[in-house]
Amino acid sequence: MSRKPIRKAVFPVAGLGTRFLPATKAIPKELLPIVDRPLIQYAVDEAREAGIEQMIFVTGRGKTALIENFDIAFELEATMAERGKDLSVLEPTRFTPGDLISVRQQVPMGLGHAIWCARAIVGDEPFAILLPDELMVGEPGCMAQMVEAYHEVGGNLISVLEVPHEEVSSYGVIDPGAANGALTEVKGLVEKPPVDQAPSNKIVSGRYILQPEVMRTLETQGKGAGGEIQLTDAMAKMIGSQPFHAVTFEGRRFDCGSKTGFVEATLALALERDDMGKEVRRIAERLLGR
Ligand code: G1P
Numbered sequence: 457m458s459r460k461p462i463r464k465a466v467f468p469v470a471g472l473g474t475r476f477l478p479a480t481k482a483i484p485k486e487l488l489p490i491v492d493r494p495l496i497q498y499a500v501d502e503a504r505e506a507g508i509e510q511m512i513f514v515t516g517r518g519k520t521a522l523i524e525n526f527d528i529a530f531e532l533e534a535t536m537a538e539r540g541k542d543l544s545v546l547e548p549t550r551f552t553p554g555d556l557i558s559v560r561q562q563v564p565m566g567l568g569h570a571i572w573c574a575r576a577i578v579g580d581e582p583f584a585i586l587l588p589d590e591l592m593v594g595e596p597g598c599m600a601q602m603v604e605a606y607h608e609v610g611g612n613l614i615s616v617l618e619v620p621h622e623e624v625s626s627y628g629v630i631d632p633g634a635a636n637g638a639l640t641e642v643k644g645l646v647e648k649p650p651v652d653q654a655p656s657n658k659i660v661s662g663r664y665i666l667q668p669e670v671m672r673t674l675e676t677q678g679k680g681a682g683g684e685i686q687l688t689d690a691m692a693k694m695i696g697s698q699p700f701h702a703v704t705f706e707g708r709r710f711d712c713g714s715k716t717g718f719v720e721a722t723l724a725l726a727l728e729r730d731d732m733g734k735e736v737r738r739i740a741e742r743l744l745g746r
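Shown next, in the form of structure tokens:
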């Protein structure tokens, strides 16, 4: 069956990044680098790999540097070219004009509200959402795995992974139905439930493919967990009227919204790099006193 291709992705990047202060006082947290690549770059690369062309950033005050990151830096590039330096390192930051669009979320009112801010640009087609805090490493990438699943089952898809039961109250949690390979039917969704009320330990891990109707649902969505307009609540309302599946991501996930997750990602990716892996391993071993 042919389905509308997923051409657009929304990146909610308006968050204040308070957990990383003072580092994020003047720099958006999505520009913090894992080694030498900003978090947002990993997410954009993942979307591109999945065939997505148009990226929509939902930004806020003080987050303009995120847009600058994907612009042509004329002075930098001219100077580098003059000095005979290799410009290919900037290749992933290039955008065809018009393919990076930003809208502002004027007030932080939650993830659901942030997504709703992109409604006019998303229009009437299915779209992806990527939360750059969640760094997904896999081959193929998480969004590519989801797009493949989307071509099979259509409807709405979220990526999930299992966490220790005591951690579920920090996340959106699914009530799982029938499973078939990497796909699990979603029977219910609840945002940040108390541990003893969580329907499973399968959490929503920051990647979505949703039908445009979610925008209509968000329009009237009231406040949920934490007093915020929650995407999870709007999605929960769509269960039953549209197919809803979870994709268990085959790969690794680093929670870069937490400091220890950020350090873990930095170490893991540095250890794997051809240009520094061996040296980083020696350093780590020395620090650990081995
Ligand atoms: C958001 C979502 C939650 C999801 C999580 C993944 O929560 O609301 O459902 O599990 O991202 O990181 P937040 O981390 O913004 O509180």
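By this note's numbering, the letter at position 109 of the sequence shown is numbered 565, and the numbering carries on one by one without gaps.
Even glycine gets a Cβ: it sits at the ideal position worked out from N, Cα and C.
Top-ranked residue by Cα proximity to residue i, from the options
i    : options                   : result
L488 : C712, E741, G540 and A605 : C712
D414 : R663, V629, A635 and A638 : The requested residue 414 is not part of the displayed model; the chain covers only 457 to 746.
A654 : G633, G683 and E623       : E623
A661 : A574, A534 and S626       : For the record, residue 661 in the displayed sequence is Ser; it is not Ala. Residue S626 is the option with its Cα nearest to S661.
I614 : T676, A584, P553 and E608 : A584
I462 : M536, G473, Y606 and G680 : Y606
Contacts around residue i, its chain only, beta-carbon distance under 7 Å, and the 5 residues preceding and following it disregarded
i    : result
D501 : P548
D527 : none
M511 : A465, F467, V500, A503, D555 and L556
F705 : M592, G594, C598, Q601, S615, L617 and S661
E647 : G628, G680, A681, Q686, T688 and D689
In DSSP terms, what residue i is bridged to
i    : result
E647 : G628
E656 : Before going further, note that residue 656 is Ser rather than Glu in the sequence given. Note: S656 sits in no beta bridge, so no partner.
D711 : E590
K464 : Q510
S615 : V703
A635 : T640
P489 : P494
I685 : For I685, which the question treats as bridged, DSSP gives no partner whatsoever.
L556 : M511
G664 : Reading the sequence as shown, one finds Tyr at residue 664 and not Gly. DSSP output for Y664 lists I585 and I614 as bridge partner(s).
8 Å CB neighbourhood of residue i in its chain, flanking five on each side removed
i    : result
A726 : V491, M732, G733 and V736
I483 : A521
P649 : V624, S625, V629 and P655
Q795 : Because the chain spans 457 through 746 in this model, residue 795 falls outside it and cannot be assessed.
V514 : V466, F467, P468, V469, A470, S558, V559, R560, Q561, A570, I571, C573 and A574
Residue i burial status per 10 Å Cβ neighbour count (16 or more: buried)
i    : result
D580 : exposed
K541 : exposed
Q686 : buried
L591 : buried
L477 : exposed
P582 : buried
N657 : buried
R663 : buried
N636 : exposed
F530 : exposed
I739 : exposed
Own chain residues within Cβ distance below 6 Å of residue i, not counting five before or after
i    : result
L666 : N612
H569 : I685
#### Entry: Uninterrupted alpha helix (DSSP H) stretches inside the segment 519–551 (no shorter than 4 residues)
521–524 and 530–538
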